[in-house]
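Enquirer: First, the structure itself, so that you have it in front of you.
Protein chains: 2
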Amino acid sequence: MPRKRSYSRVTRQALTMLGKLIRIGRAERGLTAQELADRAGISRTTLSSIEKGAPGPEIGIVFEVASLVGLRLFESDERMLQVHSSRVDEKLTLLPKSVRHAVKEVDDDF
Amino acid sequence: MPRKRSYSRVTRQALTMLGKLIRIGRAERGLTAQELADRAGISRTTLSSIEKGAPGPEIGIVFEVASLVGLRLFESDERMLQVHSSRVDEKLTLLPKSVRHAVKEVDDDF
DNA sequence: TACCTTTGTTCATTCAAATGGACACAGCTC
DNA sequence: GAGCTGTGTCCATTTGAATGAACAAAGGTA
Chain A
-9 MPRKRSYSRV
1 TRQALTMLGK
11 LIRIGRAERG
21 LTAQELADRA
31 GISRTTLSSI
41 EKGAPGPEIG
51 IVFEVASLVG
61 LRLFESDERM
71 LQVHSSRVDE
81 KLTLLPKSVR
91 HAVKEVDDDF
Chain B
-9 MPRKRSYSRV
1 TRQALTMLGK
11 LIRIGRAERG
21 LTAQELADRA
31 GISRTTLSSI
41 EKGAPGPEIG
51 IVFEVASLVG
61 LRLFESDERM
71 LQVHSSRVDE
81 KLTLLPKSVR
91 HAVKEVDDDF
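One line per chain: the protein sequences are A and B, in this order. Using the working numbering, you'd call the opening residue of the first sequence number -9 and step up by one each time. Using the working numbering, you'd call the opening residue of the second sequence number -9 and step up by one each time.
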């Protein structure tokens, strides 16, 4: 099956935003594209598409680049955890192990 | 050239964290892995590795899934902009168009 | 000004991400 | 308990991301 993808506006915005923040971070640190690419172990071409906000690059690479220029993402909590107001692992273990759906209507007989 | 990659601890942590948040978000919305995968237009296998925090998946897909379960990433600013305390595009245009390095020492002759 | 570094972009090749089918098993539901 | 549903994982195949070289153009520097 063909593999054409579509992305929501929110996603595209987030990608563009992240790309710009990386670009700014790189400039603030006085790094050329080549230098940052080398440090991240990727090619300048890939870094370019990351800064452009392309959806294709691997998330690991993007996060690596982001951290290299000093961006804080989900750094083991802080912001994200405050937002979700509880510890993640705790929440995870309390969760049912699988999502089960009602077989029919639960009780809709009047 | 071979393409083996290494990721910093921060990156791996961020990936794991994001994966867990997605998993929690999915559970809270009562979605099965298959359902969420369908909505995102990806396979259940890929969703699985995303929730595991694998570095390989495309960032566009991960962000799409994240937004589908209600996670806020860089939603055109809010947190991130507060953190960086200024508007991004403004900062971008003020930046020098290219990073130039000093040819030698600027003035180191004593 | 001329020079040279940085960047944006294209392109063919390489290689791993994404797929989908399969299977075992955990864990709800009755 | 039996039965079914959701999940984790494997694997062969497909397809697109990552690469690196190349070139033009923009933009600092002398």
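For every residue, glycine included, the Cβ atom is placed at its ideal position computed from N, Cα and C. Given the structure is predicted, the values throughout are model-derived calculations rather than measurements.
(1) At 7 Å on the CB atoms, spell out the chain A contacts of residue 1(B), in chain order.
(2) Measuring straight from C-alpha to C-alpha, what distance separates residue 16(B) and residue 22(B)?
(3) Using a Cβ-Cβ distance cut-off of 7 Å, determine whether residue 81(A) contacts chain B.
(4) I'd like to know if the region 42 to 53 of chain A and the region 1 to 10 of chain B are in contact, where contact means that at least 3 CB-CB pairs between them fall below 8 Å.
(5) What are the start and end residues of the alpha helix (DSSP H) that includes residue 44(B)?
(6) The alpha helix (DSSP H) with residue 50(B) in it runs from where to where?
(7) Quick check on residue 2(A): does DSSP put it in helix, strand or coil?
(8) Show which residues of chain A have a CB atom less than 9 Å away from the CB atom of residue 37(B).
(9) Alpha carbon to alpha carbon, what distance is there between residue 77(A) and residue 57(A)?
(10) For the alpha helix (DSSP H) containing residue 81(A), name the first residue and the last one.
(11) With distances taken from CA atoms, which of 6(B), 14(B), -4(B), 85(B) is nearest residue 85(A)?
Expert: Let's see:
(1) The residue labelled residue 1(B) in the question sits at position 11 within the second sequence. Those within 7 Å of residue 1(B) in chain A are 50, 53, 54, 57.
(2) As a working mapping, residue 16(B) is identified with position 26 in the second sequence. As a working mapping, residue 22(B) is identified with position 32 in the second sequence. Using only the alpha carbons, I get a separation of about 7 Å.
(3) What you label residue 81(A) is simply residue 91 of the first sequence in a count that begins at 1. Yes - at least one Cβ of chain B is within 7 Å of the one on residue 81(A).
(4) yes
(5) Here residue 44(B) is taken as the residue at index 54 of the second sequence, counted from 1. Where residue 44(B) is concerned, there is no enclosing alpha helix (DSSP H), given that its DSSP letter is neither H nor E.
(6) The residue given as residue 50(B) occupies position 60 in the second sequence. That run of the alpha helix (DSSP H) goes 49 to 58.
(7) Here residue 2(A) refers to the residue found at position 12 of the first sequence. Helix, per DSSP.
(8) For the purposes of this step, residue 37(B) is identified with residue 47 of the second sequence, where counting begins at 1. By Cβ distance, chain A contributes nothing, its closest Cβ being about 13 Å from residue 37(B), past 9 Å.
(9) By one-based count along the first sequence, residue 57(A) stands at place 67. By one-based count along the first sequence, residue 77(A) stands at place 87. Straight through space, the alpha carbons of residue 77(A) and residue 57(A) are spaced by roughly 23 Å.
(10) Along the first sequence, read from residue 1 onward, the residue named residue 81(A) stands at position 91. Its alpha helix (DSSP H) spans residues 78 to 84.
(11) The sequence position of residue 85(A) within the first sequence is 95, counting from 1. Comparing Cα positions, the closest option is 14(B).
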